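Q:
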Amino acid sequence: MNETEPVPVIAPRGLAGVVVADTAISDVRGAEGVFHYRGHNAVSLATDSTFEDVWHLMLFGSLPDAPARTAFLSQISRISHGDDLQTVLAAVLRADQDPISVLTAVWPLLASRRGMGASYGLGEAQRRDAALELAAIVPTVLAGCAGALPVPSGQGLVADHLTAMTGHDPDAWARRALTAYLILVMDHGFNASTFTARVIASTGAGMAACLTGALGALTGPLHGGAPARALEALDSFSEVSDIEPWVRAELAAGRRLMGFGHAVYRTVDPRSQLLRRLALEQGGPRVELAVAYERVAERVLAELKPGRALHANVELFAAVVMELCGIPRRFMTPTFAMARAVGWSAHALEQAADPKIIRPASRYVGPPLR
Ligand code: ACO
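For the sequence shown, the residue numbers in full-length UniProt numbering are 1 to 370.
1. Can at least three beta-carbon pairs, one atom from the region 129-137 and one from the region 278-288, be found at a separation below 8 Å?
2. Which value, in whole angstroms, describes the spacing of the CA atoms of Ala337 and Gly189?
3. What do you reckon, is the C-beta of His223 under 8 Å from a heavy atom of the ligand ACO?
4. Compute the Euclidean distance between the alpha carbons of Ala214 and Val296, then round it to the nearest angstrom.
5. If you count every other CB in all the chains shown that lies within 10 Å of the CB of Leu274, and 16 or more means buried, which is it?
6. Taking just the CA atoms, how far does Ser202 sit from Cys210?
7. Kindly indicate which residue of Leu15, Arg13 and Val20 has the alpha-carbon position closest to the one of residue 371.
8. Using a threshold of 9 Å, state whether the C-beta atoms of Val158 and Val106 are closer than that.
9. Between the Cα of Ile243 and those of Arg299, Arg266, Thr212 and Leu222, spot the shortest distance and give me the residue it belongs to.
10. Cβ-heavy atom distance between Lys356 and the ligand ACO below 8 Å?
11. Quick one: Cα of Leu310 to Cα of Gly254, how far?
12. So for Thr4, helix, strand or coil by DSSP?
13. Does the beta-carbon of Tyr120 have 16 or more other beta-carbons within 10 angstroms, so that it is buried, or is it exposed?
14. For the beta strand (DSSP E) that His188 lies in, which residues bound it at each end?
15. Relative to the C-alpha of Tyr173, which residue among Leu45, Ala312, Arg277 and Glu294 is closest?
16. Mind checking Leu222: buried by the 16 CB within 10 Å criterion, or exposed?
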């Protein structure tokens, strides 16, 4: 090593606890069980705001006043239903196609048709336009995958998404519950998919590349791919007494319980609390089974993994709430992506303003140089 080379720092596995950037978008306080978006408590936003208003907060830094809201809503509506999007969708859509694969194809195809190249060299306004345009098409793409186009009803993205997913007008509870869910998962610090988006943004690549890469990271079962798997666990219980033997067998086999544990929270996940409350408003045997599963799993995890503080994370009751809303399982992770695309794009914009590329090092542990 010569004198100018920095001394290597060995990061902990998974970069746990390592601060890799400054952000003004969201703050997750794992020990307190609190998170906020730009200073606004996220759980309060989830019960008191619309999806579109919180999107505005993420992208522009403030909740909109009435004129800003009207302008933002008409902008979203205009850009999310362009003719070129219909053309790309028509070329890509096939019956029963996996919505994640469709989205993965549509983002770069549409970006190329709209002449959106690399972010490098673009001004802030151009980058933000790309962020808005690409996040705004997700509900339309998912509606296309559900065979439900055209959907704009003027009632907002959440109502339109529910109509597309279920084929009927949503009731007031479903609107409230899905609004809360989508706001709760819009952003969450430096989770794996957001970090992926920021790494790609740091290279100067375009917004479509950032979102597509982040989507890939989201699909993993340890991240946003967990909700359908959490429901599979519930499917295997006929009654509450089935739960404990199943949980013990899973853990004995070295498998993880989907919908439990979190990289940052060491106390109850505040997202889980609100979603459980919403599920309990509807009630029914499935919700009772989920509540029992949470109670039993937390007790057995505390016994077998002492000192880890493993609780239900957002995904268990997110899955239950989405099921109660009538969202099919194959659309659960895509519905998560519809919200998280807002967070990814805000983070990609923040990262793109910093010209430093994210490029850590690795420690070579293979055979020595011959
Ligand atoms: N089931 C069983 N054991 C678990 C679980 C779980 N759900 N979560 C953590 N553990 C165990 C690990 O096996 C490990 O045990 P060991 O030390 O005996 O090997 C220990 O707890 C380490 O856990 P952490 O360091 O707290 O967890 P990590 O940060 O590595 O992982 C993660 C976090 C990926 C969320 C993990 O808890 C997990 O796999 N959960 C299940 C999948 C899931 O629900 N993902 C959704 C997360 S929320 C989201 O991404 C939106």
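All residues carry an ideal CB built from backbone N, CA and C; glycine is no exception. If you're wondering where the values come from, they're calculated on a predicted model, not measured in any experiment.
A: The answer reads as follows:
1. no
2. 15 Å
3. yes
4. 33 Å
5. buried
6. 9 Å
7. It is not possible to answer for residue 371, since the shown part of the chain is limited to 1 through 370.
8. no
9. Arg299
10. no
11. 15 Å
12. coil
13. exposed
14. Careful: His188 lies outside any beta strand (DSSP E) and carries neither H nor E.
15. Rather than Tyr, the amino acid found at residue 173 in this sequence is Trp. Cα-wise, what sits closest to Trp173 is Arg277.
16. exposed
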